[in-house]
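Quick notes on the structure that follows.
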Amino acid sequence: MTAVSTKASPVEQAGDAPRRTVKPKAHWRERLRRDWPLLLMAAPMMILVWGFWWIPSLGNVIAFQDYKPFTGGIFGSRLVGFTHFQMLFADAEFTRAMVNTLSITAFQLVFYFPVPIALALLMHSLVSERLRSMLQSVVYLPYFFSWVLVVAIFQQMLGGAGLLSQVLRANGFEAVDWMTDPDTFILLVTSQAIWKEAGFGAIIFLAALAAIDPNQYEAAAVDGAGRWRRLWHITLPGIRPVIVLLLILRLGDALNVGFEQFFLQRSAVGSQASEVFDTFVYYSGIRTGDFDYGAAAGLFKGVVGLVLILAANRFAHLLGEQGVYSK
Numbered sequence: 001m002t003a004v005s006t007k008a009s010p011v012e013q014a015g016d017a018p019r020r021t022v023k024p025k026a027h028w029r030e031r032l033r034r035d036w037p038l039l040l041m042a043a044p045m046m047i048l049v050w051g052f053w054w055i056p057s058l059g060n061v062i063a064f065q066d067y068k069p070f071t072g073g074i075f076g077s078r079l080v081g082f083t084h085f086q087m088l089f090a091d092a093e094f095t096r097a098m099v100n101t102l103s104i105t106a107f108q109l110v111f112y113f114p115v116p117i118a119l120a121l122l123m124h125s126l127v128s129e130r131l132r133s134m135l136q137s138v139v140y141l142p143y144f145f146s147w148v149l150v151v152a153i154f155q156q157m158l159g160g161a162g163l164l165s166q167v168l169r170a171n172g173f174e175a176v177d178w179m180t181d182p183d184t185f186i187l188l189v190t191s192q193a194i195w196k197e198a199g200f201g202a203i204i205f206l207a208a209l210a211a212i213d214p215n216q217y218e219a220a221a222v223d224g225a226g227r228w229r230r231l232w233h234i235t236l237p238g239i240r241p242v243i244v245l246l247l248i249l250r251l252g253d254a255l256n257v258g259f260e261q262f263f264l265q266r267s268a269v270g271s272q273a274s275e276v277f278d279t280f281v282y283y284s285g286i287r288t289g290d291f292d293y294g295a296a297a298g299l300f301k302g303v304v305g306l307v308l309i310l311a312a313n314r315f316a317h318l319l320g321e322q323g324v325y326s327k
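Numbering (UniProt numbering), first residue to last: 1 to 327.
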């Protein structure tokens, strides 16, 4: 009897290595039948985004037209190319608005952006859950205040007849009015932004801190690492992706420092200090009826913001972070 020997295939020689099976892609009708509840829940938001964001953004074409809203409209106005953009770059008011906006953004990146991080680290280090919840509620509450209320509160505190001026007069000193001083306006708006929005940013970082494994802190403490070493080698690396993500988004929003806050205080300090992109679009475009000129300024702001996001995201990839999106 002759034994028949068969040569094992490479798959059989490799042992019990699992085979990778490619699951066939389901038909669109099957996916629709399976995911219709999710699509139904997402439908209101999709309609909102399309109706109030994507479709209106097509109106940016008026930046390249001699737009006549009442006689020609979008389809009846003649094209003028980049004429409005040439007028923008030759406009001294536009240059001043751009300089003010970039100065305020750079100042707030240095003195405002680290505040929510420090606040989150402070609240995270509290042992008492009750005290942490109470402090979190207190610092988060101003986020729900409107800018009208925030400016009114600062007026009552730092205005010419405010609490600080009354205390200084009562003690024989000269009163101050920081609400009408153009030289300290950048400090004023940064202080208002910190008081109003730092609590919301702190909650985002608190969520990132909660995702760090507590066993890392215990192991580091056993190895003799102190509080500052644990902060530097565990806490900050753990929230670094969130820091990079929010920094990229802040850079992309660099030319959008807010409209209400500056609009409400423009008459008090003057346009020299308070003119930013959003107020420039309002006063030079919407208020005067030059919608095409205002649209050109707004489109320029959007393009610059997109370029800043792409550049910052690319830099984040070079540092090994995921950023807003990854390839």
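Built from N, CA and C at the ideal position, the CB exists for glycine as well.
Test: residue i CB closer than 8 Å to a CB of chain C
i, result
"G285", "The chain inventory of the structure shown lacks chain C, comprising one protein chain alone."
Span separating the alpha-carbon of residue i from that of residue j
i, j, result
"W28", "F52", "28 Å"
"I243", "I194", "17 Å"
"Q166", "V281", "38 Å"
"E321", "L236", "14 Å"
"L79", "L251", "33 Å"
"D177", "T190", "17 Å"
"Q216", "A118", "21 Å"
"L39", "I55", "20 Å"
"A311", "N60", "24 Å"
"V324", "L255", "19 Å"
"A229", "I186", "Sequence inspection shows Arg at residue 229; the Ala mentioned does not correspond to that position. One C-alpha to the other measures close to 35 Å."
"M1", "E30", "Its pLDDT being 42, under 50, M1 is placed unreliably in this model, and the value from its coordinates should be taken loosely. The straight-line gap from Cα to Cα measures roughly 57 Å."
"G116", "V307", "Note that residue 116 corresponds to Pro in the displayed sequence, not to Gly. Approximately 26 Å, taken between the alpha carbons."
"M41", "V49", "14 Å"
"Q155", "L163", "9 Å"
"S128", "F315", "39 Å"
"D290", "S133", "50 Å"
"L318", "I248", "14 Å"
"V138", "A208", "20 Å"
"I309", "F300", "14 Å"
"R227", "A221", "8 Å"
Best match in the options for proximity to residue i [C-alpha to C-alpha]
i, options, result
"T83", "L102, I62, T101", "I62"
"A296", "D223, D181, F85", "F85"
"F94", "L310, Y283, H317, V324", "Y283"
"F89", "E197, L158, Y293, L188", "Y293"
"V269", "I286, T180, L255, D213", "T180"
"A106", "V49, I153, K68, V257", "V257"
"Q136", "M45, L206, G224, R33", "L206"
"A219", "K196, H233, L141, A208", "H233"
"K196", "P241, G298, P142, R240", "P142"
"Y67", "L131, I286, F113", "I286"
"Q192", "L158, T288, R33, F300", "L158"
Strand pairing of residue i, partner residues [DSSP]
i, result
"L79", "Q65"
- Message: Counting beta carbon pairs with one atom in the segment 256–274 and one in the segment 142–152, are three or more of them shorter than 8 Å?
- Response: yes
- Check whether the segment 92–108 touches the segment 268–276, counting contact only when three or more Cβ pairs, one atom from each stretch, lie closer than 8 Å. yes
- Message: List, from N- to C-terminal side, the alpha helix (DSSP H) runs of 4 residues or more that fit wholly inside the segment 209–253.
- Response: 214–222, 227–230, 236–252
- Query: Are the segment 120–138 and the segment 198–206 touching by the rule of at least three beta carbon pairs closer than 8 Å?
  - Reply: Between the segment 120–138 and the segment 198–206 there are three or more C-beta pairs closer than 8 Å, enough to call the two in contact.
- Entirely enclosed alpha helix (DSSP H) segments - the segment 104–185, minimum 4 residues: 114–124, 129–140, 147–158, 163–170
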